[in-house]
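A.B. asks: According to this note's numbering, the residues represented by the sequence shown are 359 to 702, in order. Here a beta-carbon is modelled for each residue, glycine too, at the ideal position from N, C-alpha and C.
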Amino acid sequence: MAFWSRQKDSDFFEIAELIISGVFPIALIVVGTIGNVLSAIILLNKQNRQTSTNIYLIFLCCVDTLSLYQWNLRDAAYEFTDGRQQISNQSVFLCICQQFLAFYTLHASAMFLTLVALDRACLLWSRWYKQKIARARVAVMIGIVIFILLFGINGFLFGLGYEYSYYDNTTATYVTIVTCSSSTNPNITQFFYNVYPWIHLVIMYLLPFTLMIFCTIISARKLIVRQTSVNQQITTNAQRNRRISIMLLLMCFTYIILTLPNRLCFSVFVTELIGHDYSDTVFLLSNTLMYTRSALNVFFLYISVYGFQRDVRRLFSKCYGWTGNRVAPRQGIMEEQIGTIIRL
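1) Which class does SER484 belong to by DSSP, given the choice of helix, strand or coil?
2) So LEU426 and ILE387 are in contact, right, with Cβ under 8 Å, and what is the actual spacing, rounded?
3) Just checking my contact of ALA497 with TYR414 at CB under 8 Å: how many whole Å lie between their CB atoms?
4) Tell me which residue opens and which closes the beta strand (DSSP E) that THR537 is part of.
5) Work out the CA separation of ARG493 and ASP369 for me, nearest whole Å.
6) Around the C-beta of LEU518, are 16 or more other C-beta atoms found within 10 angstroms, so that it is buried, or is it exposed?
7) Quick one: Cα of GLN667 to Cα of ILE661, how far?
8) What's the gap between the Cα of ALA385 and the Cα of THR391?
9) If you compare alpha carbons, which of THR463, ILE615, SER541, ASP433 is closest to CYS419?
10) Under the three-state reduction of DSSP, which class applies to SER523: helix, strand or coil?
11) Rounded to whole angstroms, what is the Cα-Cα separation between ILE535 and GLN444?
12) Would you call the CB atoms of TYR561 and HIS465 closer than 8 Å?
13) Smallest Cα separation from ASN430: which of VAL663, LEU647, ARG671?
14) Distance check for GLN489 and TRP483, CA to CA, integer angstroms please.
15) Under 8 Å, with one C-beta from each stretch per pair, do the region 610 to 629 and the region 671 to 678 reach the 3-pair mark?
16) For ARG553, count neighbouring C-beta atoms within 10 Å of its own C-beta (all shown protein chains included) and say buried if the count is 16 or more, exposed if not.
17) My assumption, with CB atoms under 8 Å, is that CYS538 sits in contact with CYS453. Please give the rounded CB distance.
18) Let me know the secondary structure DSSP gives ASN430 once reduced to three states.
19) What distance in whole Å lies between the Cβ atoms of ASP433 and SER379, which are believed to be in contact at a cut-off of 8 Å?
20) Tell me which same chain residues have a C-beta within less than 6 Å of the C-beta of PRO383, skipping the five on either side of it?
21) Counting C-beta neighbours from all protein chains within 10 Å, is the total for VAL665 16 or more, i.e. buried, or is it exposed?
22) Tell me whether the beta-carbon of MET605 lies closer than 8 Å to the beta-carbon of PHE550.
23) Quick check on DSSP: helix, strand or coil for VAL628?
24) Just to confirm, is the Cβ distance from PHE371 to ASP669 under 8 Å?
25) In chain order, what residues of the same chain have a beta carbon less than 8 Å from the beta carbon of PHE641, not counting five sequence neighbours either side?
26) What span of residues does the alpha helix (DSSP H) with HIS558 cover, start to end?
And the structure:
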C-alpha cells in the first residue's frame with residue numbers, strides 16, 4: 359500500500375488541487391448526503407423494504423454516506439487551511455477513527471454493492487433463492503454478518519496511531535506529534551504495510567470486480583438473449599426487471615471505472631507518479647473519483663426505476679403540501695389518486 363506526502367506545487371497545480379480536494383469534496387458531501395438519505399427514506403417505505411435487493415441498497419446508502427464524510431472533510435480542511443489543519447492529527451482518537459472508517463466504509467460499500475448485483479442475478483436465475491433466501495429478514499441478517507466480518511478484518515486498525523513529544527529548541531516548548539499510519543506495536547505496523555494491502559486489494563477490487571462482471575453477464579443473458587428468443591412480447595414485469603438490472607449494471611460499471619484509477623495510481627504507477635509537480639493532483643483526483651461513486655446512488659435509482667421517481671414526487675408533495683396527481687371532481691366522478699405504490 360503506497361503512501362505519499364503532499365508537497366507545495368506550482369500555482370496551476372495548487373489551484374487544481376483546491377478544486378479537486380477542496381471545493382468538489384464539499385459538493386460531494388452535500389449532494390451525496392441528500393441523495394443517500396432520500397434514497398434510504400424511500401427504500402424504507404413499507405412496500406419497498408420487503409425485498410432483499412432494497413435492503414442491501416439501504417445498507418449501501420448508509421455506508422456510502424459515512425464514506426463521503428471521512429475522506430472529504432479531512433481533505434477539504436487540509437486544503438482550505440493550506441495544510442495547517444488536519445482533522446486526523448488533532449488527537450489520537452480522531453486519528454484512529456479516520457484510519458478505521460476510511461477502510462471499513464470502503465469495504466462495506468464494495469460488499470453491499472456486490473451483494474446487490476449477486477442478489478439480482480440469483481433472483482433471475484434461481485426459483486429456490488427467490489423463495490428461500492430473497493427475504494428482507496434474511497437480507498438484514500446477511501448485512502449484519504457482513505458488518506461483523508469486516509469489523510473483524512479491519513479491527514486491527516484501532517491499534518494504529520499514537521502520539522509522541524519532543525523539545526523544540528527554537529520555541530523552547532514541547533511539541534506533540536500524532537502519527538496515524540504506524541503503531542507502537544511493530545507487528546501491527548508490519549501487518550498494515552505488508553499484508554493488509556493484499557486484503558484490501560481482494561475486498562475492494564478483485565472480489566467485487568469478478569462477481570459484478572459475472573452477475574452482469576448472466577443477468578444480461580437472462581433478460582435480453584433468452585427473453586428475445588423465447589417471447590418477443592415483453593411483459594410489464596419483464597420491462598421493470600430489465601430497467602432495474604440496467605440500473606445495477608450502470609452502478610457496477612461506474613464502481614469499476616471510478617475505483618480502478620485509484621488502484622492503478624497507488625499500486626501500478628506509483629513510482630512513476632511520485633516526484634512531479636502533478637503528483638499530488640493525480641493522487642487526489644484518483645481519491646476524489648473513488649468517493650464520487652458514493653454520491654451517485656440516488657441518480658441511478660431515479661433515472662432507472664419508475665417506482666422510485668414516483669415515490670420521490672410523493673415525498674416532496676407530502677413535505678410541501680403539493681396536490682400532486684389528484685383528479686378534480688367532475689360530473690359526479692369522485693376524486694382519486696392516480697397510481698399505486700409498487701415494489702422497486
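C.D. replies: So, from the data block:
1) As a position in the sequence shown, residue 484 is number 126, starting the count at 1. Correct three-state label for SER484: coil.
2) On the sequence shown, position 68 is the one that residue 426 refers to. On the sequence shown, position 29 is the one that residue 387 refers to. Rounded, the Cβ-Cβ distance is 5 Å, consistent with contact.
3) Against the sequence shown, residue 497 aligns to sequence position 139. Against the sequence shown, residue 414 aligns to sequence position 56. Yes, they are in contact, since the Cβ atoms of ALA497 and TYR414 sit about 6 Å apart, within 8 Å.
4) What you label residue 537 is simply residue 179 of the sequence shown in a count that begins at 1. Taken as a continuous stretch (DSSP letters only), the beta strand (DSSP E) holding THR537 covers 531 to 537.
5) What you label residue 369 is simply residue 11 of the sequence shown in a count that begins at 1. What you label residue 493 is simply residue 135 of the sequence shown in a count that begins at 1. Taking the Cα positions, ASP369 is about 55 Å away from ARG493.
6) Mapped onto the sequence shown, residue 518 falls at position 160. Buried.
7) On the sequence shown, position 309 is the one that residue 667 refers to. On the sequence shown, position 303 is the one that residue 661 refers to. Straight-line Cα distance between these residues: approximately 8 Å.
8) Within the sequence shown, the letter at position 27 stands for residue 385. Within the sequence shown, the letter at position 33 stands for residue 391. In a straight line, the C-alpha of ALA385 is about 10 Å away from that of THR391.
9) Within the sequence shown, the letter at position 61 stands for residue 419. Residue THR463 holds the alpha-carbon nearest to the alpha-carbon of CYS419 among THR463, ILE615, SER541, ASP433.
10) Locating residue 523 in the sequence shown gives position 165, where the first residue counts as 1. SER523 falls in the strand class under three-state DSSP.
11) Within the sequence shown, residue 535 is the residue found at index 177, counting from 1. Within the sequence shown, residue 444 is the residue found at index 86, counting from 1. Using only the alpha carbons, I get a separation of about 12 Å.
12) Taking the sequence shown and counting its residues from 1, one reaches residue 561 at position 203. Taking the sequence shown and counting its residues from 1, one reaches residue 465 at position 107. The sequence as given places Ile at residue 561; Tyr does not occur at that position. Yes, Cβ-Cβ distance for ILE561 and HIS465 is below 8 Å.
13) The residue you call residue 430 lines up with position 72 of the sequence shown. ASN430 has its Cα closest to that of LEU647, out of VAL663, LEU647, ARG671.
14) On the sequence shown, residue 483 is found 125 positions in, with the first residue counted as 1. On the sequence shown, residue 489 is found 131 positions in, with the first residue counted as 1. For TRP483 and GLN489, the distance between alpha carbons rounds to 12 Å.
15) Touching, no, given that fewer than three Cβ pairs across the two stretches are closer than 8 Å.
16) As a working note, residue 553 is residue 195 in the sequence shown. The amino acid at residue 553 is misidentified as Arg; the sequence shows Val. Classification of VAL553: exposed, given that the 10 Å Cβ count is below 16.
17) Taking the sequence shown and counting its residues from 1, the one referred to as residue 538 is at position 180. Taking the sequence shown and counting its residues from 1, the one referred to as residue 453 is at position 95. Confirmed, about 4 Å.
18) Position 72 of the sequence shown, counting from 1, holds the residue named residue 430. If DSSP states are grouped into helix, strand and coil, ASN430 belongs with the helices.
19) Counting from 1 along the sequence shown, the entry for residue 379 is found at position 21. Counting from 1 along the sequence shown, the entry for residue 433 is found at position 75. Confirmed, Cβ separation roughly 4 Å.
20) Within the sequence shown, numbered from 1, the residue matching residue 383 stands at position 25. Once the five neighbours on either side are set aside, the close Cβ partners of PRO383 are ASN430, ASP433, ALA434.
21) Taking the sequence shown and counting its residues from 1, one reaches residue 665 at position 307. This sequence places Gly at residue 665; Val is not what is there. Buried: at least 16 other Cβ atoms inside 10 Å.
22) What you label residue 605 is simply residue 247 of the sequence shown in a count that begins at 1. What you label residue 550 is simply residue 192 of the sequence shown in a count that begins at 1. Contact: no.
23) Taking the sequence shown and counting its residues from 1, one reaches residue 628 at position 270. DSSP places VAL628 in helix when its eight states are reduced to three.
24) Locating residue 371 in the sequence shown gives position 13, where the first residue counts as 1. Locating residue 669 in the sequence shown gives position 311, where the first residue counts as 1. Judged by their CB atoms, PHE371 and ASP669 are not nearer to each other than the 8 Å cut-off.
25) As a position in the sequence shown, residue 641 is number 283, starting the count at 1. So the list reads TRP362, CYS623, PHE624, LEU631, once near-sequence residues are dropped.
26) Taking the first residue of the sequence shown as 1, we reach residue 558 at position 200. Unbroken alpha helix (DSSP H) run through HIS558: 554 to 559.
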